[in-house]
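Working notes for the structure below.
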Amino acid sequence: KSTIGRLLFRFYDVTGGSLKIDGQDIRDVTQDSLHAQIGVVPQDTVLFNDTVLYNIAYGRPEASRDELIAAAKAAKIHDFIMSLPEGYETRVGERGLKLSGGEKQRVGIARTLLKNPPILLLDEATSALDTQTERDIQDSLTAMARGRTVITIAHRLSTIADADRIVVLETGRIVEEGRHDELLARTGRYAAMWARQSAEEDISARKRQGLPGEPDGATEDDVWKQVPRNWAV
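Numbering of the sequence shown is given in this note's numbering, commencing with residue 7 and proceeding in unit increments.
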């Protein structure tokens with residue numbers, strides 16, 4: 007799946023077929039012009055051993071301070087930054103070690119918002135975060151997606167349920183595609199993964215609330231028995 011993202015950036019070209027944006031083969035444009043149109047929020051945002059200001063400004067170095075602060079506010083990281091000892095001039099440490107995973111991702115989101123690209127690639131952007139932080143970050147990503155073309159690479163299906171088109175890949179091949187409701191109705195590979203993840207999230211939620219992991223005294227095996235046999239996971 008991440009290979010598709012690399013092809014989109016033309017880190018290497020396809021050897022068969024073509025990859026097009028709005029009908030134009032990306033091999034017909036320069037890499038610089040292509041990269042300028044695409045923003046990426048990766049699974050692990052790379053931060054430099056410099057200030058918060060520098061790390062956000064990296065998305066568009068010529069941006070004004072007001073534009074940078076507006077991007078930070080949109081990413082819901084401004085208030086946190088202002089609580090730091092030196093505000094935007096606070097150094098984040100090597101690879102951002104002074105920040106939590108969620109804080110690093112928000113800085114990465116602010117950086118991408120500052121770039122303001124028409125195409126957005128979310129490459130497992132929240133997969134390394136805990137559930138609550140993921141939900142908080144997802145709100146920022148949803149806001150950032152408005153008015154843009156968004157390509158989301160994800161294993162956690164709840165993050166893509168509202169996508170206009172979902173493509174299911176298995177061993178490098180497309181096995182299903184459609185909208186969320188359509189794929190559930192087919193009771194195929196996507197539906198199987200959705201059922202399993204929903205059951206896991208339900209068990210985890212009950213345990214966080216101090217309740218038995220399985221409702222009404224059922225065992226975890228009983229939960230999985232509710233998944234139809236033809237939903238091979």
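Beta carbons are placed, not taken as given, at the ideal position from N, Cα and C, and that holds for glycine. Treat the numbers as computed from the prediction; the structure is a model and nothing was measured.
Rounded to the nearest angstrom, the Cβ distance from V181 to R195 is 5 Å, consistent with a contact under 8 Å. Its chain contains L126 as the residues whose beta carbon lies nearer than 6 Å to that of V156, once the 5 sequence neighbours on both sides are disregarded; these appear in chain order. Annotation: L163 to L90 spans about 35 Å, alpha carbon to alpha carbon. Secondary structure note for I125: it is in no alpha helix (DSSP H), and the uninterrupted beta strand (DSSP E) holding it is I125 to D129.
In the displayed model, V58 falls within a helix according to three-state DSSP. With 16 or more other CB atoms across the displayed protein chains lying within 10 angstroms of its CB, S146 is buried. Under the DSSP assignment, T148 falls in the alpha helix (DSSP H) whose first and last residues are T137 to A151. The shortest CA-to-CA distance from G102 to any of A76, Q37, T137 and T57 is the one to T57.
In the three-state reduction of the DSSP assignment, T165 falls in the helix class.
Under a 10 Å Cβ-count criterion, Y94 is classified as buried, with 16 or more other Cβ atoms of the shown protein chains found around its own Cβ. The beta carbon of R117 is closer than 7 Å to those of N61, I62, Y64 and G65 in its chain, skipping five residues each way along the sequence. In this structure, L135 sits near G108, with a CB-CB distance shorter than 7 Å. When rounded, the separation of the alpha-carbon atoms in G99 and I87 is 14 Å. DSSP places T158 in the strand class (E or B) of the three-state scheme. Residue range I172 to E176 is occupied by the beta strand (DSSP E) that includes V174. Residue R33 holds the alpha-carbon nearest to the alpha-carbon of V20 among S210, R33 and G184. Annotated three-state conformation of E182 is strand, per DSSP. A Cβ-Cβ distance of about 15 Å is found for the pair G11 and T51, leaving them out of contact under the 8 Å criterion.
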